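Everything in the sequence shown is counted per the working numbering, starting at 559 for the first residue and increasing by one.
We put the beta carbon where it would ideally sit given N, CA and C, even for glycine.
It should be emphasised that the depicted structure is a prediction, and the values quoted were computed from it without experimental measurement.
Report on one structure; see the data block that follows.
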Amino acid sequence: MAKMNSTGMPVLCLGEALIDVIERAGEVEEKVGGSPLNVACGLASLGHPTALASWWGDDSRGNRLEAHLLSAGVEIIAGSDHAEKTPIANAHIDSAGRATYDFELDWQVPPLPEATQISHLHTGSFAATLAPGASAVMSAVKSMAIRGTVSYDPNVRPSLMGTPEEVRPQIEEIISLADVVKASDEDIAWLYGEGVPLESVLHKWKSMGPGLVIATRGPWGSYALCANDRDMLVVDSLNIEVADTVGAGDSFMAGLISGLLDAGLLGSGAAKARLRQARLGGVQPALHRATITSGLTVSKVGAYSPTRSEVAEVLTADPTL
């Protein structure tokens with residue numbers, strides 16, 4: 559593994575950074591996107607030193623990605639711009655603000671920092687399952703699971719993942735190594751079938767090893783299970799007008815990681831042990847932060863990354879959150 563360009567970067571996000579070509583009401587616009595990129599920007603916006611390892615081209619779209627990341631305060635791992643061209647996600651927004659995607663891309667992984675140089679690794683989406691880069695992602699997850707903490711969001715993209723039967727073993731292997739797993743109800747329905755209770759899937763995932771597993775349910779909030787607690791926590795979503803849902807799950811993930819880092823439940827081997835012993839009351843503030851960041855994101859068009867002060871304003875307005 560290559561060394562990072564600077565020290566003191568506790569969070570490494572590993573996965574795709576791309577340009578969303580958004581079609582909405584007959585109009586087309588291009589925006590910076592990619593699930594791990596959004597999480598990295600979200601964490602940086604919340605005040606956490608963060609780096610991104612990805613794969614894009616040294617072209618005008620790639621330059622736009624770099625400018626976006628640097629302006630957000632995210633460090634870029636050297637070699638992330640060595641793709642032949644910058645990947646594209648064609649995003650189609652329906653009348654309810656829901657996004658569906660098809661992709662034009664190649665996924666590989668640049669040389670990564672030593673696991674001893676970071677305390678937390680986040681990955682997800684197709685980066686963890688799409689060859690040839692997926693094998694490098696798995697190696698990084700295995701290495702980090704020994705020394706620090708790992709979070710994972712399957713963030714299913716059917717057009718890039720094959721069938722549920724094909725990809726499920728890969729996803730479940732990463733789940734077994736991760737400390738925190740978050741998936742949407744739509745991800746779970748695709749992986750295990752429509753009508754399969756979210757609770758049963760969360761209990762299955764919990765038994766595989768993570769300290770915290772979460773299912774998000776859009777406007778209906780989220781479910782959470784801790785390894786050391788039999789009860790399930792139900793968290794309501796914010797009552798907020800939705801502009802669109804682009805980046806909502808990534809913003810939830812960033813808020814969740816942020817809250818768990820601040821609580822000392824992610825970021826080191828000792829934090830991993832604390833998370834394994836945590837009960838729902840210990841993770842509830844992080845889940846509330848995730849709910850707020852996600853709510854603030856969907857209130858705006860595009861994958862907006864809320865700041866820590868914006869989260870504090872919501873908490874001040876409603877201390878019960």
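Look up residue i in the DSSP assignment and say whether it is helix, strand or coil.
| i | result |
| --- | --- |
| serine 826 | coil |
| serine 693 | helix |
| valine 714 | coil |
| valine 872 | helix |
| alanine 654 | coil |
| glutamate 672 | coil |
| valine 804 | coil |
| aspartate 820 | helix |
| aspartate 664 | coil |
| histidine 680 | strand |
How big is the Cα-Cα spacing for residue i and residue j?
| i | j | result |
| --- | --- | --- |
| alanine 611 | glutamate 752 | 34 Å |
| tryptophan 614 | aspartate 639 | 5 Å |
| alanine 831 | valine 586 | 47 Å |
| serine 582 | isoleucine 815 | Inspection of the sequence shows that residue 582 is occupied by arginine rather than by serine. Distance between the alpha carbons of arginine 582 and isoleucine 815 is about 31 Å. |
| serine 795 | proline 607 | 27 Å |
| serine 717 | phenylalanine 661 | 8 Å |
| glycine 584 | alanine 673 | 46 Å |
| serine 677 | valine 800 | 34 Å |
| leucine 679 | valine 699 | 7 Å |
| aspartate 652 | glutamine 835 | 42 Å |
| cysteine 599 | serine 734 | 26 Å |
Thinking C-beta only, is residue j closer than 8 Å to residue i?
| i | j | result |
| --- | --- | --- |
| alanine 861 | asparagine 596 | yes |
| cysteine 784 | glycine 807 | no |
| alanine 703 | aspartate 743 | no |
| proline 668 | isoleucine 635 | yes |
| valine 695 | leucine 572 | yes |
| leucine 688 | proline 722 | no |
Does the Cβ of residue i have 16 or more other Cβ atoms within 10 Å, making it buried, or fewer, making it exposed?
| i | result |
| --- | --- |
| proline 780 | The question names proline, yet the displayed sequence has serine at residue 780. Buried, by the Cβ-count rule. |
| methionine 562 | With a pLDDT of only 41 at methionine 562, under 50, the local geometry of the prediction cannot be trusted, and the value read off the model is given with reservation. Looking at its Cβ environment, which holds 16 or more other Cβ atoms inside 10 Å, methionine 562 is buried. |
| histidine 650 | exposed |
| valine 754 | exposed |
| serine 683 | buried |
Please return the same chain residues whose Cβ sits closer than 7 Å to the Cβ of residue i, not counting the five positions on each side in sequence.
| i | result |
| --- | --- |
| valine 792 | Gly779, Tyr781 |
Residues in its own chain within less than 8 Å of residue i by CB, not counting five upstream and five downstream?
| i | result |
| --- | --- |
| glutamate 642 | Gly615, Asp664 |
| aspartate 876 | none |
| leucine 628 | Ile634 |
Using a Cβ-Cβ cut-off of 6 Å (strictly less than) and excluding sequence neighbours within five positions of residue i, which residues of its own chain qualify?
| i | result |
| --- | --- |
| methionine 811 | Val597, Asp711, Lys740 |
| proline 864 | Thr851, Leu854 |
Determine, using beta carbons only, whether residue i comes closer than 8 Å to chain B.
| i | result |
| --- | --- |
| leucine 819 | Structure shown: chain B not included; a single protein chain is present. |
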